[in-house]
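For reference, the structure discussed in these notes is given below.
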Amino acid sequence: MKFGVVQFPGSNCDFDTFHVLRNVMKRETALLWHKDHDLQGVDCVVLPGGFSYGDYLRSGAIARFSPLMQEVKAFARAGGHVLGICNGFQILLELGLLPGAMIRNKNLKFLCQHVHIRIENEKTDFTRAGRKGQVLRIPIAHFDGNYYAAARVLKDIERHRQVVFRYCDAEGNITEEANVNGSLGNIAGIRNREGNVLGLMPHPERASEALLGSKDGRTIFASLILSLERRKPARRPVLRERARHD
Amino acid sequence: MIDKKTLDQHGLTEDEYGLIVGLIGREPNLTELGIFSVMWSEHCGYKSSRVHLKKLPTEGKHVVQGPGENAGILDIGDGQVIVFKIESHNHPSFIEPYQGAATGVGGILRDIFTMGARPIAVLDSLRFGPPDDPKNRSVMEGVVSGIAGYGNSIGVPTVGGEVYFNPCYDLNPLVNVFCLGLADKDKIFYAKAEGAGNKVLYVGAKTGRDGIHGATMASAEFGKETEHKRPNVQVGDPFKEKLLLEACLEVMDRGLIVGIQDMGAAGLTCSTTEMADKGGMGIVVDLDKVPQREAGMTPYEILLSESQERMLIVAAPEKVAAVQEIFAKWDLDAPVIGEVVEGGRARISFKGEVVVDIPVDAVVNLCPAYNRPSRAPAVLPSPADLPPLPLPGDYGDVFLKLLASPTIADKEWVFRQYDHMVQVNTAFLPGADAALLRIKGSKKALAVSLDGNSLYTRLDPKTGAKIAVAEACRNLVCVGARPVGVTNCLNFGNPEKPEVMWQFEQAVDGMAEACRAFGIPVTGGNVSFYNDTEGLSIHPTPVLGIVGILDDIRKAVSPGFKAAGDAVVLLGENMEELGGSEYIRIVHNLEAGAPPAMDLEREKRLQEFLLEAMGAGLVRSAHDLAEGGLTVALAECAFHGARKTGCEVDLTDTLRPDALLFGETQSRIVITCRPANLGRFLKTAAARGVPAKSIGRTGGRDIAVRQKGRELLRVPVEKAYRAWKDALPNFFKVRT
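If you read the sequences in order, they're chains A and B.
Residue numbers for the first sequence follow this note's numbering, beginning at 10 and rising by one.
Residue numbers for the second sequence follow this note's numbering, beginning at 5 and rising by one.
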């Protein structure tokens, strides 16, 4: 399978994600330029972390308008897999591919630290290599990672089992103390109802090599590989067609 | 006509003015005077420090570039070089903490990538007044969030550094930023304008009125009116810099340019004249072509603006279009604003008129150097200055008090605001003895440590400076790296005061001696004088940034205890040295005595031996003894370790117990090893002439220290940890 990592101006985890997908997970990986309209036939689009367009407005608010994102939107609507990490998650929220919004961390400071997240739903294309309730140790690094959604929306995403990861302590308990950024329901990552789009605030690419202190992030990439290499990527030509008319 | 008042405003003396008139053969106009003013300022011209800096060793077999360029360069093998430098942004950070610190980061990053290197790590050395004062807290919050705001956005990890607190920084905080870059040896670029007919391109942000005379501001004392200097501080745009970084590295990687220089202090003036001078050429510039943020700017303002995120590029005429295309890809303009010419003059025009016509050599190289008078203080501090100190009643209480002292306490409150992991190279998180970064695609790793204890340098600048070098090296050795190169940031008071000049001389002498002893070259650095506010000078604060190489990252050693039952070994000797210690400062409220002695030969033997023992795989953890002495070091090993394992140690020295527990005698390291390796470790140490004593075992839930069997202190690790962990955040809790 082939991954594509989108480069926005201001992305800064693009090379990190590229490095892990290509050199650690050993999969073909392309860098996708934000001004292009070409998804280069990838099977999974990854929106990396960073400060797209400086994030001087709301995080991710400008990136959603970039030319490539129109293709990504069409790709996702057609069932293509999209993974948004940190700023990538924020962009997916702005784009409307995922419900909810991000506000400032509860302590009003940027936070960079290892956190624990629990796999809430192991039956997704992003978690099938993990176990239900498995605790992953993965770092976060963000200012706006405090997940918010209106009560009705929150109820809806819980009902459809869209919460994929929650902040927890090392033992897997969902506690207020473990909820470092103040997210509603300790939410660290959600998927869309169809299950092909996932956003999470922690950075799995920073937890993919033992040398850097954790390999837990690989679970997410391995799950995607497991899910996508089982299938025939028959949808791509159709997608190009649609994108042109968008 | 230039009068005395105008000269004063420009920080130039009448003698210096006379020199300028002689050099250009006529009276300068105001714009030209402005150019000389910034280029001959202390900040750019190093006029008080140059004669002394020559004493520092700058040669070494790995040195590709020593002082004089934007940053130093060392060869690390495999076709790669490291590029590094430290710089101060003290004055701006006091006036406007957030932007001052942010642009400090932006400036040093440009120094690194202008040489063709991708910045891979930032470290900061910060000095503030004590955090119980709300004003100091507000400065600190601003500085930390400024560093975070810039570094996090541009995607260069802030991987470590140090934070000290002392009332001498109440009105003059120090913000020293270090940056390390990595480049291919065959793709280094220099700030040279070569080849007549080559085009001069302006890239990056537009020029505004911000930061005019920033360099001159940094070359004078502050009074009460500093608030008015706020407009002198520049405003940073990390997003713009990120685009600039990527675009510059791309044109360099493609070999499209001849030379490149960032516009830092003294902006367009400095970059044009320096590039021309280094290329042995002249330069013509048309200011009308310079992108401007506001209307009606005068040539004086355009030339002296210190607007951030701007670079100057020299490229062959046939490559200009290709360069512009790459900048356009990154949404940046790259207009041609001038040309390289023969003749060694900078000729700058504005609205069709030549407004500047001066020899570049005079501006760049002929700034006068002063051997300013220096005078040792009437009474030099000595060990005898310490009054008889009563022994504390409860050593456990003192221990907890030291752990909670802001200088020693955990700095997570600071570094978790920094993205210290982006670029996925950070092998050791902040808090270890040194920052450790892997080099992708190689077994090698780079280690960096910043160090400088100004209590020591205040009491004895020479010894203090030696200790700073020794300790930074010791930190590197503690993670298993071999020190290879030095950059320094010398923060001092007003050099026109003979006592300050004496401190400076002494510190440079100490540094030179130590760097020679360790065989490590100084490849560059920065001098920040005039750290005086309302007539008070800061403690002399030389900060050393030392880089080390580890050949095999798998052999890196971290400070935390690895398991219960390991042998705890103390390398070095305990002596009764309490002068300048954090202990007497916190407990006895004294900044007095002589700092601990520094025997460079002994230190070198210690470091060589430890590297050898690590190479042989004998060492499981290593941590250097610094502020707070032995007990604090043991506590930190426990805090960093797995499961917060404690330790039980028994010392046989006949010393005052407080000196034994909290004294800061140098050249000491605490290591742990498997009991099976203890014999071999001690034997090798003895053979290398390094004092080493097995002092106890790891294990249990307490930190317990005995002297000849008598228990001096027993504190649960968890209790000690809370004292250390909570101290800094408690200052910043919202008070209701």
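From the three backbone atoms N, C-alpha and C, an ideal C-beta is built for every residue, glycine too.
Keep in mind the model is a prediction, meaning the values are calculated, not measured.
Along chain A, which residues have their Cβ under 9 angstroms away from the Cβ of residue i?
{"i": "Ser157/B", "result": "Gly19, Asn21, Gly59, Phe60, Gly63, Asp64"}
{"i": "Ala152/B", "result": "Lys118, Phe119, Cys121, Phe152"}
With a CB to CB cut of under 6 angstroms and the five nearest residues on each side skipped, what residues in its chain are close to residue i?
{"i": "Gly133/B", "result": "Asn140, Pro171, Tyr173, Asp174"}
{"i": "Leu686/B", "result": "Ala696"}
{"i": "Val255/B", "result": "Ile261, Val327, Ile330"}
{"i": "Arg672/B", "result": "Gly576, Leu629"}
For residue i, decide whether its Cβ has a neighbour in chain B, counting only Cβ atoms nearer than 8 angstroms.
{"i": "Arg296/A", "result": "Past the edges of chain A, shown from 10 to 255, lies residue 296/A, and the structure says nothing about it."}
{"i": "Asp25/A", "result": "yes"}
{"i": "Pro211/A", "result": "no"}
{"i": "His46/A", "result": "no"}
{"i": "Arg251/A", "result": "Summary for Arg251/A: the model assigns pLDDT 39, below 50, so the residue's position carries little reliability, and this model does not support an answer."}
Taking C-beta pairs closer than 7 angstroms, name the residues in chain B that residue i reaches, listed in chain order.
{"i": "Leu120/A", "result": "Arg420"}
So which residues of chain B does residue i contact, with C-beta pairs closer than 8 angstroms?
{"i": "Ala150/A", "result": "Asn156, Asp423, Met425, Val426"}
{"i": "His284/A", "result": "Nothing in the structure corresponds to residue 284/A, since chain A is present only between 10 and 255."}
Given this structure, state the Cα-to-Cα distance separating residue i from residue j, to the nearest angstrom.
{"i": "Asn188/A", "j": "Cys177/A", "result": "7 angstroms"}
{"i": "Gly742/B", "j": "Lys65/B", "result": "There is no way to answer for residue 742/B, as the model of chain B reaches only from 5 to 740."}
{"i": "Leu113/B", "j": "Cys183/B", "result": "6 angstroms"}
{"i": "Ala159/A", "j": "Gly208/A", "result": "18 angstroms"}
{"i": "Asn205/A", "j": "Leu130/B", "result": "46 angstroms"}
{"i": "Met34/A", "j": "Glu180/A", "result": "27 angstroms"}
{"i": "Gly456/B", "j": "Met301/B", "result": "43 angstroms"}
{"i": "Asp662/B", "j": "Pro733/B", "result": "28 angstroms"}
{"i": "Glu503/B", "j": "Arg692/B", "result": "41 angstroms"}
{"i": "Gly632/B", "j": "Val25/B", "result": "56 angstroms"}
{"i": "Leu384/B", "j": "Tyr50/B", "result": "28 angstroms"}
{"i": "Ala690/B", "j": "Gly683/B", "result": "11 angstroms"}
{"i": "Asp255/A", "j": "Phe643/B", "result": "Here the model assigns Asp255/A a pLDDT of 35, short of 50, so the residue's position is not dependable and the matter cannot be decided."}
{"i": "Gly111/B", "j": "Gln312/B", "result": "8 angstroms"}
{"i": "Pro88/A", "j": "Val54/A", "result": "The residue you asked about is not Pro; residue 88/A is Gly in the sequence shown. Spanning the two alpha carbons is a distance of roughly 12 angstroms."}
{"i": "Phe98/A", "j": "Tyr725/B", "result": "36 angstroms"}
{"i": "Ser446/B", "j": "Asp23/A", "result": "21 angstroms"}
{"i": "Asp497/B", "j": "Pro61/B", "result": "Looking at the sequence provided, one finds Gly at residue 497/B rather than Asp. Computed Cα separation, rounded: 24 angstroms."}
{"i": "Asn21/A", "j": "Phe736/B", "result": "30 angstroms"}
{"i": "Asn593/B", "j": "Pro720/B", "result": "27 angstroms"}
Within its chain, find whatever has a CB closer than 7 angstroms to the CB of residue i; leave out the 5 residues flanking it on each side and keep chain order.
{"i": "Leu253/B", "result": "Phe117, Arg122"}
{"i": "Thr461/B", "result": "Gly468, Ala469, Ala511, His543, Pro544, Thr545, Pro546"}
Given that residue i touches chain A, what residues does it touch there, using C-beta distances under 7 angstroms?
{"i": "Ile557/B", "result": "Leu220"}
Is there a C-beta anywhere in chain A that falls below 8 angstroms from the one on residue i?
{"i": "Phe243/B", "result": "yes"}
{"i": "Lys246/B", "result": "yes"}
{"i": "Ala431/B", "result": "yes"}
{"i": "Thr740/B", "result": "Legend: pLDDT at Thr740/B = 46, less than 50; position of this residue unreliable, value from coordinates given subsequently. Chain A, which has no Cβ nearer than 8 angstroms to the Cβ of Thr740/B, makes this no."}
What does residue i touch in chain A if you count any residue whose Cβ is under 8 angstroms from its own?
{"i": "Asp335/B", "result": "Pro18"}
Once the 5 residues before and after residue i are set aside, which same chain residues still bring their CB inside 8 angstroms of it?
{"i": "Leu247/B", "result": "Trp334, Asp335, Leu336"}
{"i": "His169/A", "result": "Arg202"}
{"i": "Gln296/B", "result": "Lys210, Thr211, Gly212, Ile306"}
Unbroken alpha helix (DSSP H) runs of length 4 or more, entirely within the stretch 391-430 of chain B: which are they?
399-407, 416-419
Enumerated in chain order, which unbroken segments of the beta strand (DSSP E) with a length of 3 residues or greater are wholly contained in the stretch 517-584 of chain B?
526-532, 545-554, 571-575
Within the stretch 327-351 of chain B, note down every full beta strand (DSSP E) run reaching 3 residues or more, in order along the chain.
340-345, all fully within the stretch 327-351 of chain B.
Please go through the stretch 12-93 of chain B and give each complete beta strand (DSSP E) segment of 3 or more residues, from N-terminal end onward.
Counting only unbroken stretches of 3 or more residues, the beta strand (DSSP E) elements lying wholly within the stretch 12-93 of chain B are 67-69, 76-81, 84-92, in sequence order.
At 3 residues or longer, what runs of the beta strand (DSSP E) sit wholly inside the stretch 143-218 of chain B?
162-169, 178-188, 203-208
Uninterrupted alpha helix (DSSP H) stretches inside the stretch 442-492 of chain B (no shorter than 4 residues)
458-463, 465-483
Which runs of the alpha helix (DSSP H) fall wholly inside the stretch 23-64 of chain A and span at least 4 residues, in chain order?
23-28
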